Structures are given as structure tokens and as C-alpha cells.
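For the sequence shown, our numbering assigns the number 388 to the last residue and increments by one with no breaks.
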Amino acid sequence: MPTRRQVIDRRALNRALLARQLLLERRRASAASTIERLVGMQAQAPNLPYVGLWARLVGFRHQELSRLIESRAAVRMSLMRNTIHLVTARDAVALKPLFMPLGERGFMHGSPWGRGMREADMVSILRAGREIMGERPRTVAELAGIMAARFPNHDANALAYGVRYMVPLVFTTPRGIWGAGGPVALTTFEAWLGRAPGPALAAEQLVVRYLAAFGPASPADMRAWSGLAMREFFDQLRPRLKVFRDETGRELFDVPRAPRPHGDITVPVRLIPDYDNILLAHADRTRIMPEGRHLGMFSSNGVMQGAVLVDGYVRAMWQPKTHKGATTLLITPFGKPLPRREQPPIAEEARALLDFLAPGEKHEVEFGPVKA
Numbered sequence: 017m018p019t020r021r022q023v024i025d026r027r028a029l030n031r032a033l034l035a036r037q038l039l040l041e042r043r044r045a046s047a048a049s050t051i052e053r054l055v056g057m058q059a060q061a062p063n064l065p066y067v068g069l070w071a072r073l074v075g076f077r078h079q080e081l082s083r084l085i086e087s088r089a090a091v092r093m094s095l096m097r098n099t100i101h102l103v104t105a106r107d108a109v110a111l112k113p114l115f116m117p118l119g120e121r122g123f124m125h126g127s128p129w130g131r132g133m134r135e136a137d138m139v140s141i142l143r144a145g146r147e148i149m150g151e152r153p154r155t156v157a158e159l160a161g162i163m164a165a166r167f168p169n170h171d172a173n174a175l176a177y178g179v180r181y182m183v184p185l186v187f188t189t190p191r192g193i194w195g196a197g198g199p200v201a202l203t204t205f206e207a208w209l210g211r212a213p214g215p216a217l218a219a220e221q222l223v224v225r226y227l228a229a230f231g232p233a234s235p236a237d238m239r240a241w242s243g244l245a246m247r248e249f250f251d252q253l254r255p256r257l258k259v260f261r262d263e264t265g266r267e268l269f270d271v272p273r274a275p276r277p278h279g280d281i282t283v284p285v286r287l288i289p290d291y292d293n294i295l296l297a298h299a300d301r302t303r304i305m306p307e308g309r310h311l312g313m314f315s316s317n318g319v320m321q322g323a324v325l326v327d328g329y330v331r332a333m334w335q336p337k338t339h340k341g342a343t344t345l346l347i348t349p350f351g352k353p354l355p356r357r358e359q360p361p362i363a364e365e366a367r368a369l370l371d372f373l374a375p376g377e378k379h380e381v382e383f384g385p386v387k388a
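Here it is as C-alpha cells:
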């Protein structure tokens, strides 16, 4: 195990990240405890957390997460980076107050809708929006129509998106339940979870939870994951943390008892979903990404796809394609072809994913041309 001043190299950082993310070996654990361990899961597309849990847990079944979401024990909302995450209800109320400033700042200063709004006007706008969204789940378009009638001198979309980003809201079912569709509807915390957000998790506790899931890491890494400036809390926690340096001399922090396996250990092939936080949780992504960049992997249209990890690093993209009752998982290598010796374990994991995504269908695995 590294000493306090020891340099920790890129492969050791990779193995530490995989260990904490349960990607060295699938674990027998509940979906709820795993979601909390990971400090939430990216859920831009509602089905992505299902694949993320399948990649990490022994015997994970769709129904387990669907039940959590149906019972409101887990919920989707805007959190880290002001993007949609799936969290447990317990974490929802504790984390939301910390991330509300991201929505407020993003709307008032970072969006075209907010630039024409006066802060003095927002008090009555947000009060009305909270009341409307608390009545029942509504889409942003529905909210815009109602708000336009109440505030005819303002742009309807600006009103709706102001409420969307500045009032604590959650996404409602049936979206998020495996196999179910439905409108992208939201409502208030009080209406869905029975309580308002708060009390907030202490910022120092958030740092510790981030490091336990993604460390060793720097304050810049945590900012890339969260969207929040946290350096002062790293400094306050310094006496309680392990401090390392990477190969460039950058200071990295970690919780003392977190796993830090040797960089030479063998790791299995893993297929993880698009936008999995393991790919987005660091300013320096070289511990997981080729050259530290995603190479255009991420989808912007909700298509189910993801990354193939070989020897712990992103080497290819996977994407299912269904035609005439058969589902093919297309594996597209990044940068260079996959050696023949690497293809059988990828195909084996791909077939297991197909069994999870499309049980009972005919399955094929296809290796496509290299993506430059």
C-alpha cells in the first residue's frame, strides 16, 4: 500500500477506481446500497442505471430497481453537474440542497432564458411554479402553458425552465421503470417523497463519499464530477486523509482505508453504460479513458450504448441493434483494432449483457470497424 508521500501511477489509479466501482469483481449487494455507495448513478436515459447495476452486482434483476423506483425509494433528479442522476430517497433529500445553486446559477447566468429575467421577478414566478408542479406531475411544456397565462409579459419557456432548474423537483414514473414509457414529467419533493429537501449533507461528508467511490482524486477531479468548488473542504479534511502524488506531481487525496490494489492485477472485461460516472468523475480521465477523452462515445439522443473496458480502460463502444426479432451487440473499437485474443472475453460479456437486455431473443455479437 502506498505511503503518505508515495507516487501512485496511472495503472494503480485505474485499479483503485475499478475496485471502488465494483468492476473488479461483481458483488452480492442490494441495488439501493450500491446506488448510495456510488453517490448516485447517471440517468440521462432512464434505463442506464439498470446496465450499470448489472455490470456491478451478482444476479441483478430489472425488477429490483423497478420496485425501488415504483415505491419511491429511489428517484431521478438533477444533481451533480446539473445532470439527471438516480439516487435513493434518503440521498435525494440530503444531496439536493448542496446542488440547488448549480440550477440557479445555470439558469440565471448560463442559459438564454434566464438572461432576460430579473431576480426580483423570480420570487413570484418560483412560488407559482412550485404550487403548479406540486398539484400533479407535469411536463415542462405543460408547465409553460400554465405559466404563460399567469405571467403573460414573460416568455413561456423561460418561465418553465426557471421553475425546472430553480425549484427542487423530481422525475416521476412510469419513466425509469424497466420496459415502461411515459412523459418526461416532474413534481415537487413534497408531493412525491412526502418531505422537502434537507437537512443537507455536510460538504465534508460529500468529499469523503466522493473519494470512497472515485479516489484517489484532487479537488479539480471532484469539481469535474460535482460541478462544485470543494478545495476548502479538502484542506479542512487534510489531516484525516491520505495524500499522494500522481506521475505529474499532482496532489491526490484519499480516505485511509479505501482499496488501492496493485496496478499489475488482472481485471475482467466489463461493459458499462453510456455516461457512467466512472467515465466522468475526474478532470484527468487518463485513469480510465484513452488519452483522457471520450472519443465521441456519448450519445445525445437517448440511444442505449456504452463503453467496453479491456484491462480496465475504455477500448471500444457497444451498441445493441434489433432486427426481425434478433438483437446484435455491435462492438466498435476505438483507435486501433482489438487483438484476436481480446475478442473472446468481450464476446462472452457481450452475450451476458444481451441476455439481460433482451432475454429470450436471438443474440449475436459483431465486431465492427475501428472508430478513429
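For each residue, glycine too, the CB sits at the ideal point set by N, CA and C.
Bear in mind the structure is a predicted one, so any value in this text is a computation, not a measurement.
What does the Cβ neighbour count give for residue i, buried or exposed, with the cut at 16 atoms within 10 Å?
i, result
"Glu-365", "buried"
"Pro-349", "buried"
"Met-17", "Below a pLDDT of 50, predicted positions are generally treated as unreliable, and Met-17, at 49, falls in that range; the measurement from the model is reported next regardless. By the 10 Å Cβ count, Met-17 comes out exposed."
"Ala-196", "exposed"
"Gln-321", "buried"
"Thr-104", "buried"
"Gly-68", "buried"
"Val-183", "buried"
"Ser-87", "exposed"
"Arg-379", "One detail in the question is off: residue 379 reads as His in this sequence, not Arg. Classification of His-379: buried, given that the 10 Å Cβ count is 16 or more."
"Arg-301", "buried"
"Gly-198", "exposed"
"Ala-90", "buried"
"Ala-388", "exposed"
"Ile-281", "exposed"
"Val-271", "buried"
"Gly-351", "exposed"
"Gly-161", "exposed"
"Gly-265", "exposed"
"Gly-119", "buried"
"Gly-130", "buried"
Taking only heavy atoms of the ligand COA into account, decide whether any of them is closer than 7 Å to the Cβ of residue i.
i, result
"His-339", "The ligand COA is not part of this structure, which contains no ligands at all."
Give a yes or no on whether the C-beta atoms belonging to residue i and residue j are separated by under 8 Å.
i, j, result
"Pro-353", "Thr-344", "no"
"Val-179", "Gly-145", "yes"
"Leu-40", "Val-283", "yes"
"Arg-261", "Glu-267", "yes"
"Ala-48", "Leu-84", "yes"
"Ala-219", "Phe-249", "yes"
"Phe-205", "Pro-232", "no"
"Arg-12", "Ala-71", "Since the displayed the chain opens at 17 and closes at 388, residue 12 lies outside it and no answer follows."
"Arg-367", "Val-386", "no"
"Arg-31", "Gly-341", "no"
"Ile-401", "Val-330", "Shown here, the chain extends from 17 to 388; a query on residue 401 therefore has no answer."
"Ser-82", "Ile-193", "yes"
"Leu-33", "Phe-230", "yes"
"Val-55", "Arg-225", "yes"
"Met-163", "Ala-157", "no"
"Val-74", "Arg-44", "yes"
"Ala-176", "Leu-159", "yes"
Relative to the alpha-carbon of residue i, which residue among the options has its alpha-carbon at the smallest distance?
i, options, result
"Pro-168", "Arg-357, Pro-255, Arg-26 and Ile-141", "Ile-141"
"Leu-295", "Pro-275, Met-333 and Pro-277", "Met-333"
"Ala-363", "Ala-90, Gly-384 and Gly-351", "Gly-384"
"Leu-38", "Asp-25, Glu-52 and Arg-26", "Glu-52"
"Met-190", "Arg-154, Asp-171, Glu-135 and Gly-122", "First, the amino acid is wrong: residue 190 is Pro here, not Met. Cα-wise, what sits closest to Pro-190 is Arg-154."
"Leu-370", "Arg-356, Thr-338, Pro-355 and Gly-351", "Thr-338"
"Ala-108", "Asp-292, Glu-80, Leu-29 and Met-93", "Met-93"
"Leu-253", "Ala-245, Val-223 and Thr-188", "Val-223"
"Leu-102", "Ala-165, Pro-117 and Asp-292", "Asp-292"
"Arg-389", "Val-326, Pro-375, Gly-351 and Gly-376", "Absent from the structure is residue 389, since the part of the chain shown begins at 17 and ends at 388."
"Met-138", "Ile-100, Thr-99, Leu-118 and Tyr-181", "Tyr-181"
"Ile-24", "Pro-361, Ser-234 and Pro-360", "Ser-234"
"Phe-76", "Arg-42, Thr-99, Arg-106 and Ile-100", "Arg-42"
"Trp-208", "Pro-128, Arg-106 and Trp-129", "Arg-106"
"Leu-217", "Gly-130, Met-116, Tyr-66 and Pro-361", "Met-116"
"Thr-50", "Ile-100, Glu-80 and Ser-127", "Glu-80"
"Leu-244", "Ser-127, Thr-188, Thr-99 and Gln-22", "Thr-99"
Rounded to the nearest angstrom, how far is the Cβ of residue i from that of residue j, given a contact under 8 Å?
i, j, result
"Ala-228", "Arg-36", "7 Å"
"Trp-241", "Ala-297", "4 Å"
"Met-133", "Ala-174", "6 Å"
"Glu-263", "Arg-26", "7 Å"
"Arg-152", "Thr-203", "7 Å"
"Leu-64", "Pro-289", "4 Å"
"Ala-299", "Ala-236", "4 Å"
I'd like to know whether the C-beta of residue i is nearer than 8 Å to at least one C-beta of chain D.
i, result
"Met-116", "Protein chains in the displayed structure number just one, and chain D is not present."
- request: Specify whether the region 53 to 68 and the region 250 to 265 touch according to this definition: at least 3 beta carbon pairs, one from each stretch, less than 8 Å apart.
  value: no
- prompt: Given 8 Å as the limit, is there contact between the region 202 to 217 and the region 110 to 122, that is, 3 or more CB pairs closer than that?
  reply: yes
- prompt: Okay, do the region 144 to 160 and the region 235 to 250 touch, 3+ Cβ pairs below 8 Å being the bar?
  reply: no
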